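Chains as they are written, first to last, in the UniProt record's numbering: chain R, 1 to 192; chain E, 1 to 192. Notes follow the structure.
Number of protein chains: 2
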Amino acid sequence: MGTPSTTSDAILLSARALIAAGGYNGFSYADIAKTVGIRNASIHHHFPAKADLVRVLVARYRQEAETGLAELERHVDDPAERLRAYVGYWSACIADGSAPICICALLASELPALPETVAVEVRAHFRGLSAWLASVLQSGSRQGRLRLTGSAEAEAELFMATVHGAMLSARAYGDPGAFNLVTRPLLERLSS
Amino acid sequence: MGTPSTTSDAILLSARALIAAGGYNGFSYADIAKTVGIRNASIHHHFPAKADLVRVLVARYRQEAETGLAELERHVDDPAERLRAYVGYWSACIADGSAPICICALLASELPALPETVAVEVRAHFRGLSAWLASVLQSGSRQGRLRLTGSAEAEAELFMATVHGAMLSARAYGDPGAFNLVTRPLLERLSS
DNA sequence: GGGCTTCTACCTTCTAGTAGGCAGATCGTC
DNA sequence: GACGATCTGCCTACTAGAAGGTAGAAGCCC
């Protein structure tokens, strides 16, 4: 996520930061125009409507997440370590403020108010993340490196929900440490 | 939460439902006016600004929560049962759609975009709920009815975050059962 | 020239919020 | 008990500004 190479990228990057701050209805085309340094109308050339912009944004976000998790699987073997790496990634993002919350978790909270095309993408993220976590937990259990108490799928839902809740707590308390306070015992229970 | 007795109550009730659907920026005075059956300007008579309306709304929400938890303590003795009752309350609210999500959890997600007066109330809710959970966990641990792995405070944060995350998942999946899928093992781990 | 990209200029609708008035309830006061 | 005065709740009518979005021209690169 370095310097955007195209105007379209710059728009998406700006919108992502704005959504992370205040959700779908928390930003306007004017806000983006200001930060990107273009005119309001120019955004419509790249994204006809706001729903299009956010849909593409979330789709790209999902793709990045997928790529990141695949990358993580290539570099880390131990399933327990994979979970730690995933949580550690978010811990770092929250601590340095680069991504203070998962935008899909945020958008999920206001799901009934979202355009359907965006809602579809948000739901897909939840399903995708849950499936990845389940596969990691499953293989960890098979290898005897992770101790599950329920099915891998149920444990995955529990894990994902806890991480999302930890993001909310960190934001509510204004303290990145709150995220770790919640996720550390979550990881320890599975490992020990 | 029956029929509102005053217009002011009706406004607050309508606003609560609208916030639960789309957050702080997800509703307008016009939306409230439509459902309550009054004119836009009349709302300003009761609440000068939007921030005032939502601040009062959240303050009342917190008070109701406090009252509800106190009531729960009077009727239920066993700490484990208290936790089950708390989770069960939300499970029912989500299932029947009367309160599909905790509005403070929702507002926390868009905290940076909230008026400071509202943000203060939201933070207070997190602190209050966490403190209550910690006290229940503490007494449950003392009585040997709950098995804690960390401090009561840390377990309380974990518990609260998981419940909030479960609300997000239920909303994302459009399935109230997702809330139970996450919270059941959460309760079981503490009880067994 | 053709195709992008961005611009200016504009539109419509919605936003929170204001000003002032009007009907009815509640006053103390004579 | 009649009187005005004040208060309350809601109204109509309005404002300025912001919202998302459109039309069409200008600049620019191949």
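Note that beta-carbon positions come from the ideal geometry of N, C-alpha and C, so glycine has one too. Fair warning: this is a prediction, and the values are worked out from it, not measured in the lab.
- Excluding five sequence positions before and after R123 of chain E, none of the CB atoms of its chain fall closer than 6 Å to its own CB.
- Bounds of any alpha helix (DSSP H) do not take in R39 of chain R, whose DSSP letter is neither H nor E.
- A distance of 7 Å or more separates the beta carbons of F126 of chain R and A21 of chain E.
- Here G97 of chain E is exposed: its Cβ has fewer than 16 other Cβ atoms, across all protein chains shown, within 10 Å.
- The DSSP-derived three-state label of A99 of chain E is coil.
- Within 8 Å of the CB of I32 of chain E, no CB atom of chain R is found; the nearest one sits about 15 Å away.
- Of all residues in the stretch 6-33 of chain E, only A21, G22, G23, N25, G26 come within less than 7 Å of chain R when Cβ atoms are compared, listed by chain position.
- A straight-line Cα-Cα distance of about 8 Å links D175 of chain R and S169 of chain R.
- Of all residues in the stretch 114-142 of chain R, only V122, R123, F126 place a beta-carbon less than 7 Å from a beta-carbon of chain E.
- If you compare the alpha carbons of E:A166, E:V87, E:A51 with that of N25 of chain E, the shortest gap goes to E:A51.
- With a threshold of 7 Å between beta carbons, S169 of chain R makes contact with chain E.
- Scanning its chain for C-beta atoms nearer than 8 Å, with the 5 sequence neighbours on each side dropped, one finds around I94 of chain E the residues P100, I101, M167, A170, P176, F179, in chain order.
- By the C-beta criterion, the stretch 31-41 of chain E is judged to be in contact with the stretch 7-19 of chain E, since at least 3 inter-stretch pairs fall below 8 Å.
- Within chain R, no residue has its beta carbon less than 9 Å from that of V54 of chain E; the closest one is some 14 Å off.
- P100, I101: these are the residues of the stretch 79-101 of chain E whose beta carbon lies less than 9 Å from some beta carbon of chain R, given in chain order.
- Within the stretch 46-71 of chain E, no residue places its CB atom closer than 8 Å to a CB of chain R.
- The three-state secondary structure of Q143 of chain R, taken from DSSP, is coil.
- A straight line joining the alpha-carbon of P115 of chain E with that of L190 of chain E spans about 37 Å.
- Pairing G140 of chain E with A80 of chain E gives a Cβ-Cβ distance under 7 Å.
- For V122 of chain E, the secondary structure class from DSSP, reduced to helix, strand or coil, is helix.
- Here A134 of chain R has A152, E153, A156 as same chain residues with Cβ atoms under 7 Å from its own Cβ, once five neighbours each way along the sequence are excluded.
- A direct Cα-to-Cα measurement between L69 of chain E and Q138 of chain E gives close to 16 Å.
- For L69 of chain R, the uninterrupted alpha helix (DSSP H) segment begins and ends at 50-75.
- Straight across, the Cα-Cα distance linking R142 of chain E with V76 of chain E is about 17 Å.
- In its chain, beyond the 5 residues on either side, P176, F179, N180, T183 have a beta carbon closer than 8 Å to the beta carbon of S91 of chain R.
- In this structure, G23 of chain R places its C-beta atom within 7 Å of the C-beta atom of E110 of chain R.
- For the set R:L107, R:T162, R:S130, the Cα lying nearest the Cα of L18 of chain R is the one of R:L107.
- Any Cβ of chain R closer than 7 Å to the Cβ of G165 of chain E would place that residue at the interface, and such an atom is present.
- For the set R:F27, R:E66, R:E188, R:A65, the Cα lying nearest the Cα of A113 of chain E is the one of R:F27.
- For a Cβ distance threshold of 8 Å, nothing in chain E lies close to A156 of chain R: the least Cβ distance comes to about 10 Å.
- S14 of chain E: member of the alpha helix (DSSP H) spanning 7-22, first to last residue.
- In the DSSP assignment, S169 of chain R falls within the unbroken alpha helix (DSSP H) covering 152-173.
- F179 of chain R sits in a helix when the DSSP states are folded into three classes.
- Put simply, of R:L129, R:T7, R:G144, R:V36 the residue whose alpha carbon is nearest the alpha carbon of A161 of chain R is R:L129.
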